[in-house]
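Engineer: Residue numbers (numbering that gives the first Met the number 0), protein chains in the order written: chain A, 0 to 439; chain B, 0 to 269.
Using N, Cα and C, we set each Cβ at its ideal position, and we do this for glycine too.
Quick caveat: nothing in here was measured; it's all calculated off a predicted structure.
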Amino acid sequence: MDEEYDVIILGTGLTECMLSGILAVEGKKVLHMDRNDFYGGESASVNLAQLYERFRNGAKPPAQFGRERDYYIDLIPKFLMTGEGLVKVLVYTNVMRYLTFGSIATSMVYNGGKIYKVPSTPTEALMSSLVGILQKNKARSFFSYLQEWRENDAATHQGLDLNRNTMSEVYAHFGLNEDTQEFIGHAMALHLDDKYKTQPARATCDRIIMYANSAARAMEDKRNSPYIYPHYGLGDLPQAFARLSAVYAGTFMLDTPVDEIISDQGVFVGVRSGEQTARAKQVIGDPSYFPDRVRKTGRVIRALCILRQPIPKADAQSAQIILPQRQTGREHDIYVTCLSKAQEVCPDGVYLASISTIAETNNAPESEIGAALKLVGDIVEKFVWVSDVFEPTGDGTKDNVFISRSYDATSHFETVYDDVKDMYRRITGNELVLKNRNEN
Amino acid sequence: MSQQNSSGNRDGSAGAANTGPPHSAPAKPIQIKVVLLGDAAVGKSSLVLRFVNDEFQENKEPTIGAAFLTQKVRLDDTVLKLDLWDTAGQERFHSLAPMYYRNAQAAVVVYDITRAQSLDRAKSWIKELQRQAKPNIVIALVGNKLDLVADQENEEAEDADADADADADADADTDAEHTTATEGKERQVQTSTARAYAEESGLLFLETSAKTGEGVVETFTEIAKKLDLNQIASNNQAARPGQLNSGSANVNFLSEGSQSEQRNTDGCAC
Ligand SMILES: Nc1nc2c(ncn2[C@@H]2O[C@H](COP(=O)(O)OP(=O)(O)OP(=O)(O)O)[C@@H](O)[C@H]2O)c(=O)[nH]1
Ligand SMILES: [Mg+2]
Numbered sequence: 000m001d002e003e004y005d006v007i008i009l010g011t012g013l014t015e016c017m018l019s020g021i022l023a024v025e026g027k028k029v030l031h032m033d034r035n036d037f038y039g040g041e042s043a044s045v046n047l048a049q050l051y052e053r054f055r056n057g058a059k060p061p062a063q064f065g066r067e068r069d070y071y072i073d074l075i076p077k078f079l080m081t082g083e084g085l086v087k088v089l090v091y092t093n094v095m096r097y098l099t100f101g102s103i104a105t106s107m108v109y110n111g112g113k114i115y116k117v118p119s120t121p122t123e124a125l126m127s128s129l130v131g132i133l134q135k136n137k138a139r140s141f142f143s144y145l146q147e148w149r150e151n152d153a154a155t156h157q158g159l160d161l162n163r164n165t166m167s168e169v170y171a172h173f174g175l176n177e178d179t180q181e182f183i184g185h186a187m188a189l190h191l192d193d194k195y196k197t198q199p200a201r202a203t204c205d206r207i208i209m210y211a212n213s214a215a216r217a218m219e220d221k222r223n224s225p226y227i228y229p230h231y232g233l234g235d236l237p238q239a240f241a242r243l244s245a246v247y248a249g250t251f252m253l254d255t256p257v258d259e260i261i262s263d264q265g266v267f268v269g270v271r272s273g274e275q276t277a278r279a280k281q282v283i284g285d286p287s288y289f290p291d292r293v294r295k296t297g298r299v300i301r302a303l304c305i306l307r308q309p310i311p312k313a314d315a316q317s318a319q320i321i322l323p324q325r326q327t328g329r330e331h332d333i334y335v336t337c338l339s340k341a342q343e344v345c346p347d348g349v350y351l352a353s354i355s356t357i358a359e360t361n362n363a364p365e366s367e368i369g370a371a372l373k374l375v376g377d378i379v380e381k382f383v384w385v386s387d388v389f390e391p392t393g394d395g396t397k398d399n400v401f402i403s404r405s406y407d408a409t410s411h412f413e414t415v416y417d418d419v420k421d422m423y424r425r426i427t428g429n430e431l432v433l434k435n436r437n438e439n
Numbered sequence: 000m001s002q003q004n005s006s007g008n009r010d011g012s013a014g015a016a017n018t019g020p021p022h023s024a025p026a027k028p029i030q031i032k033v034v035l036l037g038d039a040a041v042g043k044s045s046l047v048l049r050f051v052n053d054e055f056q057e058n059k060e061p062t063i064g065a066a067f068l069t070q071k072v073r074l075d076d077t078v079l080k081l082d083l084w085d086t087a088g089q090e091r092f093h094s095l096a097p098m099y100y101r102n103a104q105a106a107v108v109v110y111d112i113t114r115a116q117s118l119d120r121a122k123s124w125i126k127e128l129q130r131q132a133k134p135n136i137v138i139a140l141v142g143n144k145l146d147l148v149a150d151q152e153n154e155e156a157e158d159a160d161a162d163a164d165a166d167a168d169a170d171a172d173t174d175a176e177h178t179t180a181t182e183g184k185e186r187q188v189q190t191s192t193a194r195a196y197a198e199e200s201g202l203l204f205l206e207t208s209a210k211t212g213e214g215v216v217e218t219f220t221e222i223a224k225k226l227d228l229n230q231i232a233s234n235n236q237a238a239r240p241g242q243l244n245s246g247s248a249n250v251n252f253l254s255e256g257s258q259s260e261q262r263n264t265d266g267c268a269c
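(1) At a cut of 8 Å, does the segment 142-150 of chain B reach the segment 73-84 of chain B through at least three beta carbon pairs?
(2) Nearest by alpha-carbon distance to Ala277 of chain A: which of A:Ile75, A:Leu431, A:Asp258 is it?
(3) Please state whether DSSP places Cys345 of chain A in a helix, a strand or coil.
(4) Kindly indicate which three-state DSSP category Gly142 of chain B falls into: helix, strand or coil?
(5) At what residue ranges does the segment 62-138 of chain B contain a whole run of the beta strand (DSSP E), taking only runs of 3 or more?
(6) Tell me, please, which residues DSSP counts as bridged to Asp451 of chain A.
(7) Chain A beta carbons: is any one of them nearer than 8 Å to that of Val120 of chain B?
(8) Cβ of Asn58 of chain B within 7 Å of any heavy atom in ligand 1?
(9) What do you get for Arg424 of chain A, buried or exposed, if any count of 16 or more other CB atoms within 10 angstroms of its CB means buried?
(10) Measuring only between beta-carbons, confirm whether Phe440 of chain A sits less than 8 Å from chain B.
(11) Of all the CB atoms in chain A, is at least one closer than 8 Å to the CB of Gly88 of chain B?
(12) Looking only at its chain, what residues have a beta carbon closer than 8 Å to the beta carbon of Tyr228 of chain A, apart from the 5 residues adjacent to it on each side?
(13) Which residues bound the beta strand (DSSP E) around Leu322 of chain A?
(14) What does DSSP give as the partner residues of Cys337 of chain A in its beta bridges?
(15) Excluding the five sequence neighbours on either side, which residues of its own chain have a C-beta within less than 6 Å of the C-beta of Tyr51 of chain A, listed in chain order?
(16) Which residue marks the beginning of the beta strand (DSSP E) containing Arg278 of chain A, and which one marks its end?
(17) Measuring CB to CB, does Gln134 of chain A end up less than 8 Å from Asn164 of chain A?
(18) What number of angstroms, rounded off, separates the C-alpha of Tyr4 of chain A from the C-alpha of Gly26 of chain A?
(19) Are the Cβ atoms of Tyr71 of chain A and Val379 of chain A separated by less than 8 Å?
(20) Would you say Asp146 of chain B touches ligand 1, meaning its beta carbon is less than 7 Å from a heavy atom?
(21) Comparing C-alpha positions only, which one of A:Ala371, A:Arg292, A:Asp347, A:Val299 sits nearest to Ala313 of chain A?
(22) Going by the C-beta, is Arg34 of chain A closer than 7 Å to any heavy atom of ligand 1?
(23) Should Ala39 of chain B be counted as a contact of ligand 1 given a C-beta to heavy atom distance under 7 Å?
(24) Determine the contact status of Ala209 of chain B and Gly42 of chain B, defining contact as a CB-CB distance below 8 Å.
(25) So, is Trp384 of chain A buried or exposed, given that buried needs 16 or more other C-beta atoms within 10 angstroms?
(26) Mapping the DSSP letters down to three states, classify Ile103 of chain A as helix, strand or coil.
(27) Between which residues of its own chain and Pro256 of chain A is the CB-CB distance below 6 Å, once the five residues before and five after are set aside?
(28) Among A:Gly12, A:Gly40, A:Gln63, which residue has its Cα nearest to the Cα of Ile305 of chain A?
(29) Would the C-beta of Asp111 of chain B count as close to ligand 2, meaning under 7 Å from any of its heavy atoms?
(30) Can the beta-carbon of Leu205 of chain B be found closer than 8 Å to that of Glu217 of chain B?
(31) Is Ala200 of chain A near Met166 of chain A, with beta carbons less than 8 Å apart?
(32) Which runs of the beta strand (DSSP E) at least 3 residues long sit entirely within the segment 90-164 of chain A? Give them in chain order.
(33) From the DSSP output, which residues share a beta bridge with Ser272 of chain A?
(34) When DSSP labels each residue in this structure, what does Glu57 of chain B get in the three-state scheme?
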């Protein structure tokens, strides 16, 4: 590693590996290091032994759970949608070829203490009992408005400016009530809280369109939900991008401690590991490598429950269930996901339910996710932890240190992709343009 | 620029496992993922290059770039499409991603018969495969660079003491292997030792030379014969890389066209 590189990357989380792959493809000379002896950092999928090591002080997992290595447990549970940015990157970079995706069997939403299937298209939404009788026509006009809306055609705008008007104003324009708003904002646009209502409507409308497109695609393929998930867990995503980077000459060194970030007059010049020093113009890394240059912005509660049966009432091999904040008297939604052998993440007869939400109190974390714990049914084993969420204090343009954000509590990868685009712009001075790598 | 074997001219030649009469309406080829593993500079890329393009490069650089080639192989009336995955250099600092080998149907674990330490590395890969890979994975242990000892062995009996020097070589800079002259090397791994280990571990075993081509086609032929094709064919139908599997429907995310994975940037000093 005693060499000069264009960029040194610290940590092999998804954000870092995506940037590694993208920059290597563009001809940058990349050195990619991780202090761990495995790929993925916080976005790794761990096996059962690693899980017990982390949360049970290294106790041995009970034999009843089967082979430790048959488990791929995401520490940060998320699903993908075919229309989202990350999937576009996977396709354009041809990284999709390393992965096998399956669909998530069902997507549900919690309402009045029960769970209901989330209608997967606007048409289905109009038939669902989640949208009240009197709201159906109003919701229909809203969905067809979005369908016909064209940025450059004022005639399709109905006097609204989606870039200026807030989402509340848009809801009011169509006369949509609280229940319908909750369904649209939380089950379709996947907002974690209600802050979006006072912000310009455009971002939310884009997400509704993305959801609807993914759902339409799912219908064509006879899938029951717009969500997809890679076999063997999300930990394969960073590994797949790492391979892309390696194919384009990126050098990978795992199990390599980072002892010093070297700066000269406040500007990054290199990284020291033991006796060796690698030099580069820029450094990229996750917050854990730069404790002095990040600040804490919040805490995420996560829980993993090992079950012997599917989640009652959802009764599927895999599921996502959203508990909107209003339904549990909280400010933030709680997400529940369930995976099983169908995704190759555990042995037959085991179901892995994950729960996540943003912490709102300093009380015992379990008390904040009580409704979700009740929902998942009989729990054989349970792990609950709280992770801090960090963001960088600087944007890197002065010191050439570019730090990613921690993974948040959202159930999708849009915020990860936003961070990748934003970092790419700061690192290269250009917008990220996805070029098809297959043009021969 | 592509090193892809065009599916026309080489089908059934270098890769022919069985030269039976050609069949009229060939079924869809069965796709097999074969990974190459082994210490740096043992000749993984050279073996692939010999098998797919029937070429050899004397001073091949450490692998970067071309890391995915395909070759079709005919076995009786079945056509197999072997996707040959090379390590892309991630092995260099022992940083290969498990994703690389976990879902492979076959693995070629290569060592250099003139470097005993490379057999240790091969053994640790075999252990790892037996823990992490598919339970029915076909593993071939391959001792490469047979040409380097061919002359000596014709003249003299095998040097029984060779293994004793093995550890002295253990810390040799493997990068140097890519550049140093490769003549006058001595065998450090006896055929009988490696074969005994392979038999006891249930592996295929061959000695090869990517330089002369000896044993190369046979390696892949033996693998093809040992695969449980019925099971692979039915699994392939259920799930394929790059596709979305939903039981009934497969969605292909990949755009058509590209089959070879190749770095096409020009000049990167590495
Ligand atoms: N004489 C001889 N040399 C070989 C043979 N196979 C490979 N070599 C040489 O050994 C060196 C390394 O070969 P590679 O094919 O690059 O080895 P590799 O295992 O792919 O190496 P990495 O990609 O660095 O892991 C090159 O100089 C080759 O020319 C062989 O069968 N005989
Ligand atoms: Mg190689």
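Structural biologist: Reading from the atomic positions:
(1) no
(2) A:Asp258
(3) Look at Cys345 of chain A here: in three-state DSSP terms it is coil, with no helix or strand label.
(4) strand
(5) 67-74, 77-84, 105-111
(6) The first residue shown for chain A is 0 and the last is 439, placing residue 451 of chain A beyond what the model contains.
(7) Residue identity differs from the one stated: residue 120 of chain B is Arg in this sequence, not Val. By this cut-off, Arg120 of chain B is not an interface position.
(8) Between ligand 1 and the CB of Asn58 of chain B, the shortest heavy atom gap is smaller than 7 Å.
(9) exposed
(10) Limits of chain A in this structure are 0 at one end and 439 at the other, which puts residue 440 of chain A out of reach.
(11) yes
(12) Phe78, Leu79, Phe100, Gly101, Ser102, Ile103, Ser317, Leu338, Gln342
(13) Leu322 of chain A -> beta strand (DSSP E) spans 318-322.
(14) A:Ala318, A:Ala352
(15) Ala58, Pro60
(16) 275-284
(17) no
(18) 11 Å
(19) no
(20) Checking the Cβ of Asp146 of chain B against ligand 1 gives yes.
(21) Answer by Cα proximity: A:Ala371.
(22) Within 7 Å of the C-beta of Arg34 of chain A there is not a single heavy atom belonging to ligand 1.
(23) yes
(24) Cβ distance < 8 Å, so Ala209 of chain B and Gly42 of chain B count as in contact.
(25) exposed
(26) coil
(27) Arg34, Ser272
(28) For the options A:Gly12, A:Gly40, A:Gln63, the alpha carbon positioned closest to that of Ile305 of chain A is the one of A:Gln63.
(29) no
(30) yes
(31) yes
(32) 100-102, 105-110, 113-116
(33) A:Gln275
(34) coil
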